[in-house]
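Read the structure below first, then the notes.
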Ligand code: PHE
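In UniProt numbering, the protein residues as written are 4 to 345.
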């Protein structure tokens with residue numbers, strides 16, 4: 004009897020089989036329970052050996068049942084743990100991260116460098132009146148500079164004969180708006196988008212400029228030169244980088260100068276700050292008295308310089324990018340190639 008049950012318990016496949024064995028052996032009508040009931044019919048001598056033996060057998064079988072039950076439980080748990088195993092050491096799939104566009108980066112860098120020199124940031128609208136974009140800047144209606152600017156005009160409603168608004172062709176209108184609102188003295192830069200109907204390797208219909216304006220009692224071209232050389236040295240990280248001022252003409256400055264920075268081409272690669280070549284990077288000059296007057300600043304009391312620099316242009320130079328249009332194609336492969344995207 005003992006061997007039969009102990010073996011069967013050891014081989015029980017699951018908890019149901021185990022329960023059937025428990026009933027058959029030690030349940031109310033189980034074999035061992037029935038035999039125990041026979042004890043009453045025995046002689047005291049027979050009972051004295053059979054009783055303890057049956058009790059011991061019952062205990063042994065109960066213990067074997069409990070042990071097997073625990074073993075089956077462990078096995079089930081192990082099986083679940085195997086099935087539901089999760090490898091938390093597995094590296095996660097890489098996530099695509101966004102990054103700042105190179106033109107925005109250059110815009111931020113340039114703004115920070117001018118901020119270090121005490122220039123505050125001013126802003127103006129991208130759609131502006133022809134007064135701010137032209138007239139106030141001493142570019143009257145008949146002036147050839149209007150035609151040269153390749154201006155985008157906004158439409159007026161039929162019968163509305165007021166002059167149309169324009170997409171600003173430069174950041175210079177911010178000079179007027181700032182002086183009008185804040186008067187003199189002032190020291191500001193105005194970074195932002197500007198528009199001209201022009202498209203080739205170095206021109207896009209939308210591009211970015213930084214306007215600079217410093218007005219005070221005795222500001223001169225010397226201050227302008229220092230500020231620009233300081234800026235280019237910081238921006239290109241080249242101490243003592245040379246600039247060249249070429250006499251030029253803008254209706255809103257007098258005198259006017261276009262500014263080049265020193266560079267050279269070595270094996271088709273542009274090197275900034277060395278060699279005997281020059282690259283034009285901005286227009287500048289002393290603010291024209293008529294411009295000060297138009298903005299409500301007395302030209303007998305105040306004077307100052309202004310400049311307008313192409314941000315995308317200096318970004319091209321800094322990163323050695325030959326085609327300006329690529330900046331605005333939103334081509335991830337291009338951005339990655341130049342290290343501008345992950
Ligand atoms: N507004 C001029 C341009 O876009 C640049 C400029 C700004 C020149 C300020 C002189 C002074 O070409």
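Ideal placement from N, C-alpha and C gives every residue a C-beta, glycine not left out.
Fair warning: this is a prediction, and the values are worked out from it, not measured in the lab.
Among 137, 218, 200, 198, which one has its Cα closest to the Cα of residue 288? Nearest to residue 288 by C-alpha distance, out of 137, 218, 200, 198, is 218.
Should the region 191-199 be called in touch with the region 127-145, which here means at least 3 C-beta pairs below 8 Å? Taking a cut-off of 8 Å on C-beta distances, the region 191-199 touches the region 127-145, as three or more cross pairs fall below it.
Taking the alpha carbon of residue 19 as the reference point, which residue from 58, 76, 52 has its own alpha carbon closest? Among 58, 76, 52, the Cα nearest to that of residue 19 is on 76.
Alpha-carbon spacing of residue 292 relative to residue 178, whole angstroms: Spanning the two alpha carbons is a distance of roughly 13 Å.
Determine the contact status of residue 110 and residue 275, defining contact as a CB-CB distance below 9 Å. With respect to residue 275, residue 110 sits apart: the two C-beta atoms are not nearer than 9 Å.
Cβ separation of residue 324 and residue 341, assumed to be a contact under 8 Å, to the nearest whole Å: Between residue 324 and residue 341 the beta-carbon gap is near 7 Å, inside 8 Å, which marks them as a contact.
Uninterrupted beta strand (DSSP E) stretches inside the region 165-244 (no shorter than 3 residues): The qualifying runs are 189-198, 209-219.
Take residue 258 and list the residues in its own chain whose beta-carbon comes closer than 8 Å to its own, dropping the five residues that flank it on each side. Non-local C-beta neighbours of residue 258 in its own chain, meaning closer than 8 Å and more than five positions away in sequence, comprise 224, 250, 288, 289, ordered along the chain.
With distances taken from CA atoms, which of 244, 208, 228 is nearest residue 332? That would be 208, whose Cα lies nearest to the Cα of residue 332.
Nearest to residue 69 (by Cα), restricted to the options 91, 84, 15: When 91, 84, 15 are compared, the shortest CA-CA separation from residue 69 is found for 15.
Taking the alpha helix (DSSP H) that residue 54 falls in, what are its first and last residues? Residue 54: member of the alpha helix (DSSP H) spanning 47-86, first to last residue.
Between residue 223 and the ligand PHE, is the CB less than 8 Å from at least one heavy atom? Of the heavy atoms belonging to the ligand PHE, none sits nearer than 8 Å to the Cβ of residue 223.
Return the bridge partner residues of residue 268 from the DSSP annotation. DSSP output for residue 268 lists 273 as bridge partner(s).
Evaluate residue 92 with the Cβ neighbour count: other Cβ atoms within 10 Å of its Cβ, from every protein chain shown; 16 or more gives buried, anything less gives exposed. Flag for residue 92 reads exposed.
So the candidates are 186, 54, 30, 148; which of them puts its Cα closest to the Cα of residue 3? Nothing can be reported for residue 3, as the shown portion of the chain is limited to 4 through 345.
Name the residue from 326, 214, 304 whose alpha carbon lies nearest to the alpha carbon of residue 203. Nearest Cα to residue 203 within the set 326, 214, 304: 326.
Beta-carbon gap between residue 167 and residue 173 smaller than 9 Å: The answer is no: Cβ separation not under 9 Å.
Taking 8 Å as the cut-off, is the C-beta of residue 310 nearer than that to any heavy atom in the ligand PHE? Relative to the ligand PHE, the beta carbon of residue 310 is positioned inside 8 Å of a heavy atom.
Does any heavy atom of the ligand NAD sit closer than 8 Å to the C-beta of residue 285? Only the ligand PHE can be found as ligands here, which leaves the ligand NAD out of the picture.
Does the distance between the C-beta of residue 246 and the nearest non-hydrogen atom of the ligand PHE fall short of 8 Å? It does not: the Cβ of residue 246 is nowhere closer than 8 Å to a heavy atom of the ligand PHE.
On the CB-based measure, 16 or more other CB atoms within 10 Å of its CB, does residue 181 come out buried or exposed? Under this definition residue 181 is a buried residue.
Considering only heavy atoms of the ligand PHE, does any lie closer than 8 Å to the CB of residue 173? At least one heavy atom of the ligand PHE is nearer than 8 Å to the Cβ of residue 173, so yes.
Determine which residues share a DSSP beta bridge with residue 283 and list them. Answer is 263, bridged to residue 283.
Limits of the alpha helix (DSSP H) - the one that residue 39 falls within: Residues 34-41.
Answer with buried or exposed for residue 254, where buried requires no fewer than 16 other C-beta atoms within 10 angstroms of its C-beta. The residue is buried, with at least 16 neighbouring Cβ atoms inside 10 Å.
Neighbourhood of residue 239 by C-beta, 7 Å cutoff - its chain only, sequence neighbours within 5 removed: Cβ neighbours of residue 239 within its own chain (closer than 7 Å, five residues either side excluded): 275, 276, 321.
If you draw a straight line from the alpha carbon of residue 117 to that of residue 230, how long is it in whole angstroms? Straight across, the Cα-Cα distance linking residue 117 with residue 230 is about 9 Å.
Own chain partners of residue 13 with C-beta closer than 8 Å, once the 5 adjacent residues on each side are dropped: So the qualifying residues of the chain are 67, 71.
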